[in-house]
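Reviewing the structure listed below.
In the working numbering, the protein residues as written are 44 to 143.
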């Protein structure tokens, strides 16, 4: 986390910027574990829980923290389906067109 994402999370707080993390690779390559982490040990937390901790820790030290609004999106893209993992209606189909 400290080598891959921490600086980007802190930069998002300082510069009011959005940050996105993308995990790509073959099935069974460890993408889900890298992003979400393991459920048994705190030390096995992935990018999402560590990013959330770093974000709120950074905000805690800001005198203007009450002015911040935090929003989170968590998507999975598989073949031609986009899945919003935090929404009630989760699947959104999409197709490429001649315009992209």
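In this text, a Cβ means the ideal position worked out from N, Cα and C, and glycines have one as well.
Please read all numbers here as calculations on a predicted model, not as lab measurements.
- The beta carbon of residue 54 lies closer than 8 Å to those of 60 and 62 in the same chain, with the five residues before and after it left out.
- Residue burial annotation: residue 52 is buried, with at least 16 other C-beta atoms found within 10 angstroms of its C-beta.
- Here residue 80 is buried: its Cβ has 16 or more other Cβ atoms, across all protein chains shown, within 10 Å.
- In the structure shown, residue 53 falls within a helical segment according to DSSP collapsed to helix, strand and coil.
- Taking a contact as a CB-CB distance under 8 Å, the pair residue 48 and residue 64 counts as one, their CB atoms being some 6 Å apart.
- In this structure, the straight-line span from the alpha carbon of residue 83 to that of residue 71 is close to 19 Å.
- Counting other Cβ atoms within 10 Å of its Cβ, residue 113 stays below 16 and is therefore classed as exposed.
- Contact between residue 128 and residue 119 is confirmed by a C-beta separation of about 6 Å, below the 8 Å threshold.
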